[in-house]
Each structure stands twice: as structure tokens, then as C-alpha cells.
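To convert, take the position in the sequence shown, counting from 1, and add 70; that gives this note's numbering.
Everything below concerns the one structure shown next.
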Amino acid sequence: MQPKIDELKKIYDAFDSETAAYRSEAACTKGCAFCCTDAGSIDITTLEGVAIREHIGQMPGSRQAGIKKTLMRDMKKREAGRITPCPFLMKNNACMIYPIRPFACRRVYSLHNCNKQNPPLLNRHVVESAQKTIEALQRLDANGYSGHISYILQMLDSPRFLATYLAGDLKPEEIMDFGKSHRIIINKMVV
Ligand code: SF4
71 MQPKIDELKK IYDAFDSETA AYRSEAACTK GCAFCCTDAG SIDITTLEGV
121 AIREHIGQMP GSRQAGIKKT LMRDMKKREA GRITPCPFLM KNNACMIYPI
171 RPFACRRVYS LHNCNKQNPP LLNRHVVESA QKTIEALQRL DANGYSGHIS
221 YILQMLDSPR FLATYLAGDL KPEEIMDFGK SHRIIINKMV V
């Protein structure tokens with residue numbers, strides 16, 4: 071799995087270099103967490119989920135237990151139809167997994183200060199580059215899935231799903247009900 075995670079980081083780096091000139095015009099400031107609270111669903115691929123799990127695995131046990139509870143709470147709130155902030159957003163508006171945050175976070179910036187009436191405004195070239203990057207991430211994770219961060223991490227917590235995924239197999243029938251009810255997408259069908 072490590073070579074794939076290395077490749078994932080190369081894809082992130084390529085997007086960063088390709089769009090740096092545009093993103094240097096961002097109005098974003100440290101401590102702004104609009105994108106982590108109000109800018110839509112934080113969707114990730116399974117491979118990104120594996121990288122995040124590895125990062126979480128290096129945290130103290132009490133924090134890991136706290137994250138599990140937060141993810142469960144987040145899923146319950148979402149299922150009750152509530153808009154939830156990202157489960158990794160801390161009280162001081164910092165990101166708990168910043169070094170390994172997924173592409174859904176890396177691609178967003180804004181040319182103006184955001185609020186509910188003015189969502190993030192991005193340069194068209196960055197949007198196009200982000201779309202190509204998403205396709206590359208899905209190709210890299212061809213035996214994987216995409217969906218909201220809480221659900222993908224929950225799937226990876228299932229020993230059966232994890233074993234299938236790490237073996238390089240794709241058995242959507244194993245997660246059919248879970249996938250349908252939580253809008254999990256099979257990457258093979260997307261690309
Ligand atoms: S992973 Fe981090 S950067 Fe991304 S939405 Fe969550 S808190 Fe924000």
C-alpha cells in the first residue's frame with residue numbers, strides 16, 4: 071500500500087505546483103474554517119482514507135478513541151439530515167489531520183472572503199485542474215470507493231472490507247446496502 075500512498079502524495083504535489091500561481095491570490099487566512107464547516111461534503115477516496123487511518127494510528131490512544139466517537143456522532147447527525155462540520159475540525163479551527171488532509175480540502179481556496187451568501191470563488195483553471203486530479207485519484211484507487219470522510223473511514227474499520235480492499239479485490243456486493251444508503255461511489259464506475 072505504501073507505493074500507492076507515495077503516488078497519492080505525488081498527485082497532491084502536482085496539483086499544488088500546477089495551481090500555485092492562482093492560489094497565491096487567495097483571500098484565505100489562518101483560522102478561517104469556512105470550507106471545513108459550510109462549503110459542502112468532504113468526500114475522499116478509500117486510499118485517502120487508508121492514509122488518514124495511518125496518521126490517526128500514530129496519535130495517542132485516547133485521541134484515537136475520541137475520533138471514533140466523533141465519526142459515529144457525525145454519521146448519526148448526517149443521517150438525521152443535519153449539516154455537520156468536518157469531524158476533524160478542532161475547537162481552535164485547526165485541522166487534526168492537516169499533513170494528510172484529503173484532496174477535497176486541498177483543492178478549495180477563495181479569491182474573496184466567504185460567508186453563506188458568498189461561497190468560495192475559485193479561478194476556472196484551478197477548478198479544471200482539480201477535476202483532472204480527482205480523476206487521477208480515482209484511477210489510482212481503481213478497486214476503491216469515494217464518499218464522505220466519516221463513512222469511508224467507517225468502512226475501513228470493518229475487518230472484512232479492509233481485507234478485501236488491501237488484497238486489491240473489488241467486491242461491491244459486500245457493501246451494497248451501506249454504499250447505496252450513503253452515496254458511496256465505486257471508483258471503477260466513475261473513471
Ligand atoms: S480534513 Fe481538515 S482541512 Fe479538511 S475539512 Fe476537515 S478539518 Fe478542514
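No residue lacks a Cβ here, since even glycine has one placed at the ideal position from N, Cα and C.
In this text, all values refer to a predicted model and were calculated from it rather than measured experimentally.
Within the model, the alpha-carbon separation for residue 167 versus residue 243 is close to 31 angstroms. Taking the Cβ atoms as the reference, residue 178 lies roughly 11 angstroms from residue 102, outside the contact range of under 8 angstroms. Secondary structure of residue 217 (DSSP, three-state): strand. Contact between residue 213 and residue 238 holds, with the beta-carbon distance rounding to 6 angstroms and staying under 8 angstroms. Our two residues, residue 114 and residue 245, have alpha carbons roughly 17 angstroms apart in a direct line. Between residue 118 and residue 207, the C-beta gap is smaller than 9 angstroms, which places the two residues in contact.
Runs of the alpha helix (DSSP H) spanning 4 or more residues and lying entirely within the region 195-255 occur at 219-226, 229-236 and 246-251, in chain order. With a threshold of 8 angstroms, the Cβ atom of residue 158 counts as near the ligand SF4, since some heavy atom of the ligand is closer than that.
Just so you know, the alpha carbons of residue 176 and residue 247 end up roughly 30 angstroms apart. Apart from the 5 residues on each side of it in sequence, residue 123 sits with its Cβ closer than 8 angstroms to the Cβ of 223 and 226 in its chain, given in chain order.
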